[in-house]
Structure formats: C-alpha cells, structure tokens
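Residue numbers (this note's numbering): 914 to 1810. The beta-carbon is built from N, C-alpha and C at its ideal position, and this holds for glycine as well. Inspection log for the structure reproduced underneath, given as structure tokens.
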RNA sequence: GGGCCUGUAGCUCAGUGGGUCAGAGCGCCGCGCUUACACCGCGGAGGUCGUCGGUUCGAGCCCGACCGGGCCCACCA
C-alpha cells in the first residue's frame, strides 16, 4: 500500500489510496481577497497555535527578530521575514510543532525619541510615578519638541506612554505580517520593554553578577556627547571626518629648543600628559627621559618611548592626552601617566581651570577655552598658538576616520566613567576560545557568515559595556548604600531577590531600607543607569520561551532551533545572544542561524529608508498579492543581497494564478460528484508514470534543499517541474483525461490513469508550493480537501514512486519535445494551435525514441494529428525532435502548404 | 592594510565532487482569442561565462595575478 499521505495528527488528509469526495471548484478563479479570507480562517481555527504539550524533540523553535516598532517596516523586513516563514511552514508540514512567536522591540533610543516627540515629554527617573498623568501632546508626530519644552515624567510613566504608543504600531505591524501570511502564533507576542522582559533582563544580569561575569569599573571609555552615554564597541561606526594636521612646538625645559608634534586635536593641548615616540626612533632617542613644556599652558610633560608609537605617522612623535584616542588610553595605562581630563561629558571643555595648569598665562589661556565645544576650543587654541608662534606653518586639511556612535552625529570622545561590563572574551582568552567554539558549533546559513562571527570575536578589545547613561530602558536592579558621609559604596551593591523583579531602583526601595533614606548619609541610592538594548534583546530566547516564569515551556523550546537575522547584527544581536546563553545555560541559544541579505535598489545600492518608504510594504502586498511578494523574497538565497524587483513579483503572481488555473483544470475531469481517486495503482500509462517519477525526484530534491535551508533551490525545482507539468504534461494528457477515447459511459484504464496521476501530482505540488504560496495553495486545497494544506504532511516520494513503477522521468521531456515539434510547424505556418495535422513524421534522436513512442497517442491527440504520425530516428548528432513532411489541414481560403 | 562575498545573454539569476553546462525567467521579435488560464498560450533570436596566465586529455566550474562591484574589521599622531 502506498504511504504517499502519511497520517499526521492534525491533518485530516485522505488515507492512502482512498477517494477524495466532493470537489467544489469555482467557475472563475481569482486571487482577489484571498489574503483576508484565509488569514481570517487561519486565525479562527488557531491553525498556527503552538501546542505546548509537544516534547522538545518534536518542537522546532524560532527566535524571531523583534522589529523595532518605532521605525517603519520596509521591504527588507518583508524579504527576510518571508524566508523565516518558509522555514516555519516547511517544518510544520514535516511534522514539527513550530514555536514561532513574534516580538516587538520597543526598548531603546528610537522609541525613546519617538515618545518624547509624540507626547512632548521626557523621562526623568528621579520623579515619582503619577498615576493620573496625561501627556501634554498627542501625536505631535513629525515635529520634534525642544528638550526645554518637554515635560519631565517618571520612568514608569514614560514606559506606560511607550507601551501606549507602540500598541498602535504593533497593530499595524501585525496587520502587515498577517497580510504577508506569516504563520506566527499571534497568541505569543512579547515586548522588549514589558515587565516580563525587564524582569528577564534583570534576572540574567543578577546571575551574571553573582557568577562574577558582570562587574563594574571606572575607566576611560568611548562616550557620545550628544546622547551623553557610554557606547559599546559593537555600536561603533567608523566614518570619514574632516580634520587638519596642526604642527605644534613643545619647548624643551633644558632650553635647547623645540620639539614639533602633529595633531588633529589641538584643543586637547591642556590635557597633554606626555610626548611619545618609538623607542628605536633615532630622531627622538636623545629626548627620552627629558621633559618639555606644552605651548600656551606651560605644563611640564615627559618625553617617553613606547612601541605603539609609529615613526611614520605625523611627526613620528605624538602628544598623549587624556584622552584623544584609544592609543592615548594605552599609553596612559602602560606608561602610568596621570589623568588630566579637560573634556566634560557634554563635549565641552571643563569650566574650572585644572590645577596642573599653574602658570598665570596658562590659566588665562585656559579660561579662554573653558566651556567651549571642542570645535570652538580648537579655534581658540589655534589662534593662541599663532599668537605665540608655536604653530608651525598652516594646518593641513586631512580626511580621517573617526569613531561614531552608530546613531550619533558627533565623533566619540573618551571619557572616564563608572560602567557595568559583562565578560565577552574581550579580555579573557579562555572565554574567547569558548565563544569561538560556540561559533563553530553553530550552523550558519550560508556558512561563510560564520567568518563574520569569528572575525568579530577574534577582534574584541574589551568586555561588553552594558550600561548606558540614559533614562528609558531596563534599569540595573542595583542600589548602593551611602556611608556616613553620603559617599556611594559602589563596592557593596544592594540587590533584590529574583522574585521581586522587575525593580526600578529609582522608585523601589532595597530590602531593609525605607524611601526616606534615599540619598541621605547612611541611607541608599539607586543605580542611575539603564542597560544597553542588546542586554535585553540578547535574551529574546529567554523572554519568548518563558525562562523566568514558565520553565515547562522553556524546557520544550530551548535551546532553540533557529535564529533568523540580518548580517549587519551578527556582531551585536547574534554574538550577545550567544554570550548570554553560554554564560547562563552553558549552551548555544540555537543550533542554526539563517542570515538574510540586503535588499538593493535597482542602482545596486543598499535600499535606503527613504526609498523603502516610498514603496510601503502594505502597498506592495496590495498591488501584487502576498504570494507574489513572497515568491520574490523566496527567490533569493539566504545571505545574498537581492534586487528589489517588481518583475519578479509579477512572475510570482503569475505563478500563483497558474496554480489556481492548473488546479482547477486538473480537478475538472469526470462528473463533479465523481471522487478523485488518489490511488497510485490506477496509474498505468507510461506518460503518467514518467510524470510521477519526475515529481518523486522533485519531492526528494526539494525536501533535501529545504532541510539545508536552501528554499530557493526547492522553489526552483518545484516551479520548473510545475511549468513543464502545465505546458507539456497537461496538454498531452488532456484528451485522455477527458475520456475522449472511452466508450460512452465507461471510464477506460487510460482515463483513470490520467485522472489518478493528475490528482496525485496536484496533491504533491500544492504541498510543495505551500510554504512559499500559502494563500493560493490553501485556496486550491479547500476546493477538494479537508483541513488546511499548511497542516497537511509534507509530501514524500514513496507513494509517487509506487505509481511511477520503473518509469523514467525523461519520457515526459521526450513527449514534450515531440509536441513542441508539432507546435513549431504550426507556429511557423502562422496558424492556430488548434489546426489539425493530417500527416507528419517525427524525427527523434535515438535517445528519445522510446519515450516518444511510449506517449505517441497522447502526442497525436495534443498535436491534433488526425492522420498518420510517423516516427523516425534522427542521424547521429542531431539535436531535438523535428517534425517533417507535415501536412496541415488549413481553412480553404488560406491555401495549402 | 587584513578578511568575506561577487562579476554567466539587454535585465534578474541557475549552473550542484571539472567532461551535452552554455541554461531559466523577464524583456525583445513573430504567431495564436486552442472551453484551465489573454493576469494567457506557442515559436524564435540573444552570451568567446570580467581579463590574463596556469593545472588537466578536457575549466564558468580548480590555482595565481590583475580589473570591476558590495560588505566587514583595522587605521583616529
């Protein structure tokens, strides 16, 4: 007996070999309204609901990327989310219980800014919660409200407004995803700023802290002066930045002359702590150990040797300031130099004149730059250097690379501050090796994306800085005692129990303290910082999987199977998730990572947001249909950039319509109430058997491709087969399937064979297409089958092979070539394909001879050959089938050939 | 400077352990209202596979160099 329809628990598919009763094929088929109709049904039936009684081995869990709800979705999202959905649908049909949640990322700067502008407020954690608060503005979208005009509100109020605002976005986003046909379980959504997500982030942090993986340190670090927050290595972006080399004289204290250095940051002159040159540099060897005096400010600094100094850069001797760049930090640390910071966290030169500037002139010069931005301070310093003659020549303009916060527009400065870190291998070789090993374990699709992971981990130069000096976000669940002098005891943090989470240390009180002790000597103070957004989103598997509150669920879904994401956030989201999982669970967070490429506009540039917004995703879906857009997305391989191509969507739409039409046709034979018998034993005709043999190969190959995350290959195989099926097989088999040659009232064996083969083929093809074209396939499925195609089992080749017997697929191609030869005769004669042929000889290559002969009667019928159709073997080397000596039956007025 | 990806018909792309691999679709040209489909069908014309070397009996497919695209990292004196 065949097993072409293996039973699945939720799929009331036909039992092997049984008849599928009752067809209900519409007279006219259409894609119009198909998305709303089926999305509604799927929702009503809970078709994609996750069965949480499933065991881990049965579950396929997906760590869906939560889109930023304060941005807008663009075609790139549609593209990559389709890839994931194809996987989800395939796995579901393969019998897996698919855990496919959707998250909304409403934590972070984009949401913070949007809430500020939309409601005219700003977050001030020092304020108490006001339950009755109503924002001054509603929907001041587009206009940004000046900071001075923003009403300060408590963090809790701010979070509430965030949730209020993003709720509207989530409705829009969900509508789009539904329209696109994502088979998400909409009963399982999460928000990254929700109480649950905050609690997970805090709990994970507390555990990192308890294990010694998280720590606090006061150290120089990269600082964004606009946002006034520390920034992590992963958030850096190197950009070109105009600057100028200034050649500046330092005066030797022994009075023997001057040393010239070159700098692009003359405004940092008051922060200079040393001059540094390479130990082997002949030019400066004599100076090592001596001191020089800084111009303008008259501070005596040593000339030192350090191998990190590069003789061919600038003058070969550099001024080391605290801090101009990361090399300065290295020198400062390794040469044990003093800290002389002059730059404030707001990016301005500190107002108070520092005590290391002792001379009257120096103090005067400093007063002239105090409080200025780096830009103005630079002008002032340069003017001063000109005045004193310490500027040698004119500044030489240069283009240099500077580090920027990816969301910022001013170069990062280096500022000393107290920050939280989580170990990520950046300063611990053993941990780095472990994390590199995790990367090796993880199956990247495509695999070369693994290199990006390895490069990043290999190049880390510090631990993960997780604290941010912002106000909206997940606060650190930490308080500190104040000693009797009111000094903060950072070394003795007060921590909440896990049951108390989430906490907000700015409004909650640590155990054994009362609110009135906040900020007073002997009392306590809350940690003012919030976590980096990645510190929360690195925990999406834990948040979505119920790590904290639902261990039963968590055990069924974690470690997850798949992380789909973009290649640009391998260093951030992917890596940080691996770090958290490794530290907390001692495992990878998922076994596979599917990396989608970019969408490029027709100019081969990365599709910009502005362009992406011109073509809204919803507009695309409405114009072309969801299946069509999905087809375009599914045509692009993972990890490969794809062009935004409307043409490809049109092809997809055509395919979807073809599926409807061809299916309608394949189901049109026999009386309407006559059952479709899906019995391979009925398939006896050589052509039918060959078709099934080909289809069986396609099923095997497509299945293997999808297993390997190669949805493109699977689609291509299926599609190619399907078009041949339509253009050749359906045409060839048409008359026989109608029962053209059967006696009145009888269904001949050939007819039954064709009908069974058509049914079996349709049955498999619909399921093969279902992951990519969920709407069209479901529509067709509903005409003749019970249940949803999306819960039907993935096709297997075994039943098809039973029907195929020992037939080889090539017969279909041979017969198709023969039919094409007859068509060509008509095409060249410029007559209708319906024109009858009264005589022709098919000259076929030897290799095709048997195939053509096996299907000759079908070829005759499809080619409308009424008389003799001869068969001859072509000479060696001839290609293709040629019809010779064709005589067409032409209308009287067209003349004869 | 280091690394990854990529360069095949006008366009978008397949070409699977080197030997019918020179392909598909779109576009183009011509034809056809053939009762599944005119949101269609049929037929046809398009390429010395970026360049130059090398390995091999044989190379889009392997190796090297170069040229052209895209991206990541490093480079802030």
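May I ask you to report which of helix, strand or coil DSSP gives residue i?
i	result
residue 1316	strand
residue 1811	The structure shown has nothing for residue 1811, since the chain only spans 914 to 1810.
residue 1244	helix
residue 1358	strand
residue 1251	coil
residue 917	At residue 917, the pLDDT of 35 sits below 50, so the modelled position is not reliable and the matter cannot be decided from this model.
residue 1754	strand
residue 1032	helix
residue 1063	coil
residue 1139	coil
residue 1525	Unreliable placement is indicated for residue 1525, whose pLDDT of 49 sits below 50; no coordinate value is reported for it.
residue 1347	helix
residue 1475	strand
residue 1324	strand
residue 1331	strand
residue 996	helix
Keeping to the same chain, check which residues put their C-beta closer than 7 angstroms to that of residue i; ignore five residues upstream and five downstream.
i	result
residue 1224	1191, 1194
residue 1321	1137, 1139, 1140
residue 1746	1736, 1739
residue 1293	1281, 1282, 1285
residue 1751	1779, 1780, 1800, 1802
residue 1205	1163, 1164, 1165, 1166, 1172, 1188, 1214, 1216
residue 1438	1392, 1393, 1395, 1401, 1431, 1432
residue 1145	1377, 1378, 1445
When the distance is taken between beta carbons, is residue j closer than 7 angstroms to residue i?
i	j	result
residue 1215	residue 1187	yes
residue 1136	residue 1319	no
residue 1576	residue 1724	no
residue 1027	residue 1387	no
residue 1332	residue 1380	yes
residue 1662	residue 1596	no
residue 1271	residue 1282	no
residue 1334	residue 1378	yes
residue 1606	residue 1720	yes
residue 1683	residue 999	no
residue 951	residue 1557	no
residue 1713	residue 1776	no
residue 1588	residue 1716	no
residue 1383	residue 1147	no
residue 1183	residue 1255	yes
residue 1093	residue 1710	no
residue 1156	residue 1287	no
residue 1820	residue 1176	Only positions 914 to 1810 of the chain appear in the structure, and residue 1820 is not among them; the question remains open.
By Cβ distance below 6 angstroms, which residues in the same chain neighbour residue i in space, the five residues on each side in sequence not counted?
i	result
residue 1082	982
residue 1756	1785, 1787, 1795, 1797
residue 1525	For residue 1525, the predicted structure reports a pLDDT of 49, less than 50, and the residue's modelled location is therefore unreliable. A value from the coordinates is still provided. 987, 988.
residue 1244	1189, 1219, 1233
residue 1581	none
residue 1665	1595
residue 1337	1376, 1377, 1492
residue 963	1012, 1098
residue 1200	1216
residue 1572	1689
Give every residue of the same chain whose Cβ lies closer than 8 angstroms to the Cβ of residue i, excluding the five residues on either side of it in the sequence, and list them in chain order.
i	result
residue 1523	Caution applies to residue 1523, whose pLDDT of 49 falls short of 50 and renders its modelled position unreliable; the model cannot decide the point.
Q. Using 8 angstroms as the Cβ pair cut-off and three pairs as the minimum, do the region 1006 to 1015 and the region 1703 to 1712 touch?
A. Verdict: yes, contact present.
Q | Runs of beta strand (DSSP E) wholly within the region 1164 to 1246 (minimum 3 residues, chain order) | A | Segments of the beta strand (DSSP E) lying fully in the region 1164 to 1246: 1171 to 1176, 1185 to 1190, 1204 to 1206, 1213 to 1218, 1230 to 1234.
Q | Stretch pair the region 1338 to 1357 + the region 1158 to 1172: three plus CB contacts closer than 8 angstroms | A | Here the region 1338 to 1357 does not lie against the region 1158 to 1172, with fewer than 3 beta-carbon pairs under 8 angstroms apart.
**Q.** beta strand (DSSP E) runs wholly inside the region 1078 to 1108, at least 3 long, in chain order
**A.** Note on the region 1078 to 1108: whole beta strand (DSSP E) runs with a minimum of 3 residues are 1102 to 1104, in chain order.
(Q) Check whether the region 1352 to 1364 and the region 1455 to 1462 are in contact - that is, three or more C-beta pairs closer than 8 angstroms. (A) They do not touch, by the three-pair rule.
**Q.** Runs of alpha helix (DSSP H) wholly within the region 1698 to 1753 (minimum 4 residues, chain order)
**A.** Counting only runs that start and end inside the region 1698 to 1753, the alpha helix (DSSP H) elements of at least 4 residues fall at 1711 to 1717, 1723 to 1741.
(Q) Would you call the region 1030 to 1038 in contact with the region 1056 to 1071, where contact means no fewer than 3 C-beta pairs closer than 8 angstroms? (A) Taking 8 angstroms as the limit for Cβ pairs, the verdict is that the region 1056 to 1071 does touch the region 1030 to 1038.
Q.
Whether or not the region 1440 to 1452 and the region 1106 to 1124 are in contact is what I'm after, with contact meaning three or more pairs of Cβ atoms, one per stretch, closer than 8 angstroms; do they touch?
A. Contact between the region 1106 to 1124 and the region 1440 to 1452 is present: 3 or more CB-CB pairs across the two stretches fall below 8 angstroms.
Q) Between the region 1422 to 1436 and the region 1113 to 1123, do three or more beta carbon pairs fall short of 8 angstroms? A) By the C-beta criterion, the region 1422 to 1436 is judged not to be in contact with the region 1113 to 1123, since fewer than 3 inter-stretch pairs fall below 8 angstroms.
(Q) Any contact between the region 1471 to 1487 and the region 1502 to 1515? By contact I mean 3 or more CB pairs, one from each, below 8 angstroms. (A) These segments touch.
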